[in-house]
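S.K.:
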Amino acid sequence: MKVTLLGAGAWGTAMAAQAARQLPPEEVCLWSRNPKQLQAIAESGENQEYLPGIALPKGLELESDFSAAVQRLGSEDLLVIATPMSALSETIANVFKVAQHPLNIIWLCKGLEPSTALLPHQVVKREEQVHAHGIKHSYGVLSGPSFAREVGAGMPCALTVASSSEHLCKIVQSVFHRENMRVYSSDDVIGVELGGAVKNVLAIAAGIGDGLDLGLNARAAVLTRSGHTDIQLQDLPKPMTKEDAIAFIGGKTQVGALTISKGPALVADINKAKAKVAKAPKLKVVKTAK
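Just so we're on the same page, my numbering is the position in the sequence shown counted from 1, plus 9.
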C-alpha cells in the first residue's frame with residue numbers, strides 16, 4: 010500500500026514517520042511545496058525546521074511535485090492532508106484537479122475555516138462540487154489527543170478515524186495502527202472534528218481569565234465545565250437521543266483533546282491569551298442595578 014502525506018510540518022512529518030516505520034521502503038511519500046526544505050530533510054535525516062531531533066526512516070520518499078505526489082496513488086492507497094486548516098481549501102481543490110480516479114482521503118487539520126467557520130468536511134464538500142469532475146472519493150478525518158514530537162519519537166498515543174466509509178477506516182488503521190499507536194474507528198465525522206476544535210477555544214478562555222487575574226478557581230471552573238457541557242438537544246441534528254447527544258460532544262476525541270490540553274498545550278495557549286490581555290486596556294468590573 011502506498012501513502013502520500015501533503016504537508017511537511019510537524020504533524021505531517023510525524024505521521025509520515027509513523028507510517029514509514031511500518032511499511033516497505035519507498036511506499037510512504039512526504040510532499041512539501043518547498044524543495045529546499047526537502048533537500049535539508051534528505052541531507053540531515055530529520056525535519057530540523059519543524060521536528061528537530063527526530064530521526065526519520067530512511068525509506069521515506071520526499072517529493073516537491075504535487076501532481077506526482079497525488080498521482081502515485083491507486084484507488085486502494087491513502088492520501089493524507091496534513092496542512093493547516095487555513096490551507097485545506099486550496100490543497101483539496103488541487104487534489105481534485107489532478108486526481109485521475111477515486112482516492113481514499115483523510116485530513117489531520119483541526120478547527121474551522123477562518124473566513125467561513127466551516128468544518129473541514131464542509132470545506133471538502135464545497136470544493137468537491139467545483140473541482141472533482143464527477144469522481145467519487147472516500148473521505149474521513151483522523152484526529153485525537155497527540156503531540157507531533159511524541160508521535161514522531163514513536164511514543165504511545167490513541168487517535169480516532171471518522172468516516173462514513175468503513176473501508177476507508179480500515180485502510181487508515183492498516184497504515185497507522187501499531188504497537189505504539191491505537192487508531193479507533195467511528196462514523197461521527199462532525200463529533201471528531203468539533204472535538205479537535207473546541208479545546209483550543211476553552212484554553213483561550215482560561216488564558217483570558219488568567220490575564221484578568223480572576224484566579225485559579227475561575228480557570229478550574231472553565232476547564233471542569235468543558236467536560237460537562239449542558240447540551241440542548243434542539244440545537245443538535247435530528248433524530249438524536251440523549252445518549253447520542255452525550256456521544257456527540259463527549260467522545261474519545263474531545264475528552265482526550267481536553268485532557269492533553271490541560272497539560273503543556275494548555276499552558277502555552279493560556280500564556281498567549283494572557284499576554285494579549287496584558288497589552289489590552291484594563292477592564293473595570295461595573296456593578297449594574299438589578
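For each residue, glycine too, the CB sits at the ideal point set by N, CA and C.
Keep in mind that this is a model prediction, so the values were computed, not measured.
Which residue spans inside the stretch 33-111 form an unbroken beta strand (DSSP E) run of at least 3?
M.R.: 37-40, 70-72 and 87-90
S.K.: Let me know if residue 27 comes out buried or exposed under the rule of 16 or more other beta-carbons within 10 Å of its beta-carbon.
M.R.: Taking every protein chain shown into account, the CB of residue 27 has 16 or more other CB atoms within 10 angstroms, so this residue is buried.
S.K.: For residue 10, name the three-state secondary structure that DSSP assigns.
M.R.: coil
S.K.: Closer than 8 Å is the cut-off here; do at least three beta carbon pairs connect the stretch 91-104 with the stretch 11-20?
M.R.: yes
S.K.: So, at 7 Å on beta carbons, what are the nonlocal neighbours of residue 214 in its own chain, with the 5 sequence-adjacent residues on each side left out?
M.R.: 231
S.K.: Rounding to the nearest angstrom, what Cα-Cα distance links residue 43 and residue 185 in this structure?
M.R.: Approximately 26 Å between the Cα atoms of the pair.
S.K.: Please report the distance separating the alpha-carbon of residue 115 from that of residue 160.
M.R.: Spanning the two alpha carbons is a distance of roughly 18 Å.
S.K.: Using 8 Å as the cut-off, can you tell me whether the stretch 169-184 makes contact with the stretch 194-203, which would need three or more C-beta pairs spanning the two stretches below that distance?
M.R.: yes
S.K.: Just to check, is the beta-carbon of residue 148 closer than 6 Å to a non-hydrogen atom of the ligand NAD?
M.R.: Only the bare structure without any ligand can be found here, which leaves the ligand NAD out of the picture.
S.K.: Give the straight-line distance between the Cα atoms of residue 266 and residue 154, rounded to the nearest whole angstrom.
M.R.: The predicted position of residue 266 is uncertain, since its pLDDT is 49 and thus under 50; no value can be drawn from it.
S.K.: Out of curiosity, what's the CA-to-CA distance linking residue 207 and residue 95?
M.R.: 17 Å
S.K.: Give, in chain order, every unbroken run of the beta strand (DSSP E) that is at least 3 residues long and sits entirely within the stretch 136-209.
M.R.: 147-152, 166-171 and 190-195
S.K.: For residue 147, which of 165, 136 and 174 has the nearest alpha-carbon?
M.R.: 174
S.K.: Keeping to the same chain, check which residues put their C-beta closer than 8 Å to that of residue 85; ignore five residues upstream and five downstream.
M.R.: 10, 113 and 180
S.K.: Report the three-state DSSP secondary structure of residue 232 (helix, strand or coil).
M.R.: helix
S.K.: Can you tell which of 33, 103 and 24 has its C-alpha closest to the C-alpha of residue 117?
M.R.: Shortest Cα-Cα distance from residue 117 to any of 33, 103 and 24 involves 24.
S.K.: Is DSSP giving residue 221 helix, strand or coil here?
M.R.: coil
S.K.: At the level of alpha carbons, what is the spacing between residue 62 and residue 55?
M.R.: 7 Å
S.K.: CB residue 71 to CB residue 51, shorter than 7 Å?
M.R.: Cβ distance < 7 Å, so residue 71 and residue 51 count as in contact.
S.K.: Identify every residue that forms a DSSP beta bridge with residue 116.
M.R.: 90 and 150
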